[in-house]
Amino acid sequence: MTTIGAYLPSQIWRSWTPAEAEIELARYKGYGINAIFAEADHYRRDIIAIAQNHGLRFYGGMACFNNSDALAQNPNLHPVGRDGRRRPKMNWYVGITPTCQAYAQARLNTLTEMARSYQLDGVWLDFIRWPLHWERELRADTPTPLEASFDEHTLSRFVEYAAVDIPTGTTSQKADWILSERKAEWIDFKCAIITDFVARAKAIVDTHLPGKPLGLDIVPARPPQRERLLGQRLRDLSAYADCFSPMLYHHALGFSTEWMSERLDDMAAQSDRPLIPFVQVDAFVDEDGPFSARDWERALEAVLSHGSCKGLIAFRGDMLHSNGRGRSLGNLLRY
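Okay, so the sequence shown: first residue is 41 according to this note's numbering, each after it adds one.
The following block contains the structure:
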């Protein structure tokens, strides 16, 4: 079944009265939407029920390695760059080092509670990666993305994983040695950390939401860069994920809709899992420049015409109400 989804930030659906939910969800269905995507640790059962009564699937989501409150409480979660310094905050984002087993287990415990407490139609994992503010660091006009994380905890886990002895020295010297002498093992290690978390998440979903899919939000980098910086190796993740959702925010990154097709080709070559991409609905911020109605239509066409795509997720769904975006989507789906 083709999925035409709308991602709705929690502050939107949390604020609805039941009567407002009835009206809003019917409005989304009129655009051709058949699934609502949300991301929170806790949900409103009445909203889920209303959506499903309208024939809409309701997918939950969880932010895996991004939590500013946890970072403030535990500085050991802070990613460390190749220069030995803590990764700086970029806009709203820092990220969390995924090698802290206590934090990872806490997120898996949250996923368990979510899966057994709500009648979700599936779960999508967000921020399932090593730290990178990719929406800014992967733009064509930005410097080389920052590497992370070279904190002592992560280095000790790498030593155990790769059975290597890192020469003594500063954090920067250790990072330089790893990236020059043990780069392949370092990339394998980063991918293994993410894949292991996904494997454990899949077991939870299968136990508490049997038959429901586990999806992953995937950064739209080329495969070598995606594995090296983010630890997302699709061929390994395919053993556990039911679907990949590349975040094709072409306008925010400064690329054309042709770039979207190129990224989809790359991902299709890496895995046989279906792709349900996130598609940017409108400009996120003013500095991204104008986003025309025709550009939105081209983005939809690029995704819906790709053979590996089984639908799309409008990001953000509330933007469908403006500039005729929802009407354009509905018209395209009808013809």
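Backbone N, C-alpha and C fix where the C-beta goes; we use that ideal spot for every residue, glycine too. This structure is a prediction, so every number in the text was calculated from the model and none was measured.
Check, Outcome
"Sub-8 Å separation of V89 and L48 beta-carbons", "Checking the displayed sequence, the identity of residue 89 turns out to be Ala instead of Val. Not a contact, by the Cβ cut-off of 8 Å."
"For Q272 and F229, the rounded distance between their alpha carbons", "11 Å"
"Whole-Å CB distance - I316 paired with S362, under 8 Å assumed", "I316 to S362, Cβ: 23 Å. No contact."
"Strand pairing of D257, partner residues [DSSP]", "S285"
"Candidates L117, G135, K129, A279: closest to Q141 by CA position", "L117"
"Between the CA atoms of H291 and G329 - distance to the nearest angstrom", "8 Å"
"Through-space distance from Y68 to I206, alpha-carbon basis", "55 Å"
"Backbone secondary structure at G357 - three-state DSSP", "helix"
"Nearest neighbour of V238, chosen from A215, R262, I258, L277 [CA to CA]", "L277"
"Continuous alpha helix (DSSP H) stretch holding A241: start and end", "223 to 248"
"Distance between beta carbons of A241 and L151, contact taken as under 8 Å", "6 Å"
"Expected contact under 8 Å - CB spacing of I234 and W226 to nearest Å", "That belief does not hold up - the Cβ atoms of I234 and W226 are roughly 13 Å apart, past 8 Å."
"CA-to-CA distance, G121 to Q364, given in whole angstroms", "The question names Gln, but residue 364 is Gly in the sequence shown. Using only the alpha carbons, I get a separation of about 43 Å."
"At least 3 beta-carbon pairs within less than 8 Å: the stretch 161 to 168 vs the stretch 96 to 107", "yes"
"In DSSP terms, what D305 is bridged to", "DSSP lists no partner for D305."
"Check whether A281 and G255 have beta carbons under 8 Å apart", "yes"
"Per-residue DSSP class, three states only, for Q384", "Nothing can be reported for residue 384, as the shown portion of the chain is limited to 41 through 375."
"CB of W132 within 8 Å of CB of L270, strictly", "no"
"Cβ separation of V321 and M359, assumed to be a contact under 8 Å, to the nearest whole Å", "4 Å"
"C-alpha distance - E177 paired with C231, whole-angstrom precision", "20 Å"
"The alpha helix (DSSP H) enclosing R334, as first and last residue numbers", "333 to 344"
"E175 versus N93: straight-line alpha-carbon distance, rounded", "36 Å"
"Proximity of R222 and V204 at Cβ, strictly below 8 Å", "yes"
"Closest residue to S212 among I258, Y201, H346, R125 (Cα-Cα distance)", "R125"
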